[in-house]
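Have a look at the structure below, then the notes.
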Amino acid sequence: MARDVEDFVREREPRWHSLEVLLTRAEESPPSELGPENLLEVVRLYRLSCSDLNQLRSLTANPQLLGRVNQLVGRGYRFVYQHQNIRPGLAAVRRFFLHDVPATFRTELRWVLSAALALLLGAAVGFCAVVVEPDSARSLIPGDFFTESASNRVHHIEHDKERIDNTEKATAFGAFLYTHNIQVAFLTFSLGALTLVLGWAMLFYNGLLLGAVAAQYLVDGVGTFFLAWVGPHGALELPALVFAAAAGLRAGSALLLPGEVGRAAAVRAAFPSVWRMLLTSAFLLVLAGLIEGSFSQFSSRAVPYGVKIAFALVLFTAMVAWLFGVLPERRRGRP
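For the sequence shown, counting from 1, position 154 maps to 136 in the numbering used here; every step adds exactly one.
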């Protein structure tokens, strides 16, 4: 029986210690500082510790051991039921987007940079190939994106009726775009998570298409149109694809290259970063889809090229400042 108690305590001790640490943090700071994830963890550990206490009573009558666990459960009870009406509200949402998400992106910067590099390398290869040999555009660019004459296409866009001329069209087209883009982003994430290499390859391929199309418009003398056409939504859409891929690479590194900590521990450690990066990617893709379905489609008759390009630069700068800017010292914390 004594050995059973020792084994039981040894197995449950890490759980009790984690609850004790979280309760101490919670008691020394307001719940909003603890964060919704840790609040949920307190509740989970409290419930498990209640079950442990019941089992322990059937194994031993040791007053010191029972008293310790009972005291811990009592602290958990007071905290949980004192704050049972707490819900992730505006403060929690604001903290998530203004603190947790940027902290995660700074922590996982190497994966973001490696994903961005793969996209940029593909874009450079596609761009140079078409500039050096314009006819190569036909073999590099899929039929849905290829045009025999970029300048003729631009002429029709600029002189025909506006493609998006009412809210209904903009909403429907935007919904199609961000749904499609999220599917592509999830595919890129999955390839990175399951293979690592194919995640980079997918980014390289998308960059190759982008570079080839950009070069086709530049060679045909309508490069400014291309910047104004792609820029407003591309300022968010392309980084969002990179972020989804970076999340996949982060997950893949934990799954395939866990190191000495073991696969389970590595995956658990990577999970918070992965889901925050994926959520950010989806958020940006929805915004990009709404912009692409409306603002990006306007000809220069409705919105001058300069305005659209300036809008793209402002969007991209704001996103970079949000995700990679330095937080004030008092706001820093664990991602």
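For each residue, glycine too, the CB sits at the ideal point set by N, CA and C.
Please report the Cβ distance between residue i and residue j, rounded to the nearest whole angstrom; I am assuming they are in contact, meaning their Cβ atoms lie under 8 Å.
| i | j | result |
| --- | --- | --- |
| L192 | L266 | Contact flag wrong, Cβ pair sits at about 17 Å. |
| D202 | A132 | 4 Å |
| T89 | S282 | The Cβ separation is near 42 Å, so there is no contact. |
| G234 | G174 | 5 Å |
| L99 | G108 | About 15 Å separates the two Cβ atoms, so there is no contact after all. |
| A97 | L231 | 6 Å |
| L1 | G58 | 6 Å |
| A252 | A236 | 4 Å |
| V127 | P214 | Per the sequence presented here, residue 127 reads as Phe, with Val not at that position. The Cβ separation is near 18 Å, so there is no contact. |
| A222 | M259 | Between M259 and A222 the Cβ distance is about 10 Å, and since that is not below 8 Å, they are no contact. |
| L327 | L48 | Given that the chain is displayed from residue -17 to residue 317, the structure contains no residue 327 and the question cannot be resolved. |
| V112 | Q198 | 6 Å |
| A210 | I291 | 5 Å |
Check for me: the alpha helix (DSSP H) holding residue i runs from which residue to which?
| i | result |
| --- | --- |
| G181 | 179 to 201 |
| S121 | 119 to 122 |
| F306 | 287 to 306 |
| E140 | 132 to 141 |
| P84 | 83 to 89 |
*Is the number of C-beta pairs between the segment 259 to 279 and the segment 184 to 191 that are closer than 8 Å three or more?*
Three or more Cβ pairs closer than 8 Å define a contact, and the segment 259 to 279 falls short of that threshold against the segment 184 to 191.
*Quick one: complete beta strand (DSSP E) runs, 3+ long, within the segment -5 to 67?*
For the segment -5 to 67, there is no continuous beta strand (DSSP E) assignment of 3+ residues that stays within its boundaries.
*State whether the segment 84 to 103 contacts the segment 20 to 40, with contact taken as three or more CB pairs (one from each stretch) at a distance under 8 Å.*
Per the Cβ contact rule, the segment 84 to 103 is not in contact with the segment 20 to 40 (fewer than 3 Cβ pairs under 8 Å).
*Which runs of the alpha helix (DSSP H) fall wholly inside the segment 233 to 281 and span at least 4 residues, in chain order?*
The alpha helix (DSSP H) runs of length 4 or more contained entirely in the segment 233 to 281 are, from start to end of the chain, 245 to 274.
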